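Colleague: Just dropping this structure here.
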Amino acid sequence: MKFYAKNEFIYKGVRKLKGDVIDIPSTMIGSLKKMDVLGEPVKQAGSDITQKAVIKPKETRKRRK
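Numbering (this note's numbering), first residue to last: 13 to 77.
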C-alpha cells in the first residue's frame, strides 16, 4: 500500500521527507505506524485490486484454429 510520510525517516537506505509517497508492504505497516512516520494512505483511482484479463471461451476456440 502507498502512504504519505508523516515525519522524516530513512527507509531502505533512502531518506524519506515529510509528504513523500512511500510504497510499503503490508507486513511493515504496523511497525512504521508505531514509530509515527506514516500518515494517511494514498487514495488510488479505481480499485486497489490488480485487474486481470479474462479470456472468454469463444476467444480461446478461435485462437486454436
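Glycine included, each C-beta is placed from N, C-alpha and C at the ideal position. Computed from a predicted model, the values in this text were never measured in an experiment.
Does the Cβ of L50 have 16 or more other Cβ atoms within 10 Å, making it buried, or fewer, making it exposed?
Modeller: Counting Cβ neighbours within 10 Å, L50 comes out buried, since at least 16 surround it.
Colleague: Go through its chain and collect everything with a Cβ distance to E20's Cβ below 6 Å, but skip five positions before and after it.
Modeller: Closer than 6 Å at Cβ, skipping near neighbours: L29, K30.
Colleague: Tell me whether K14 sits in a helix, a strand or coil according to DSSP, three-state version.
Modeller: K14 falls in the strand class under three-state DSSP.
Colleague: Taking the C-alpha atoms as reference points, what is the distance between K55 and Y23?
Modeller: Near 21 Å, if we compare the C-alpha coordinates of Y23 and K55.
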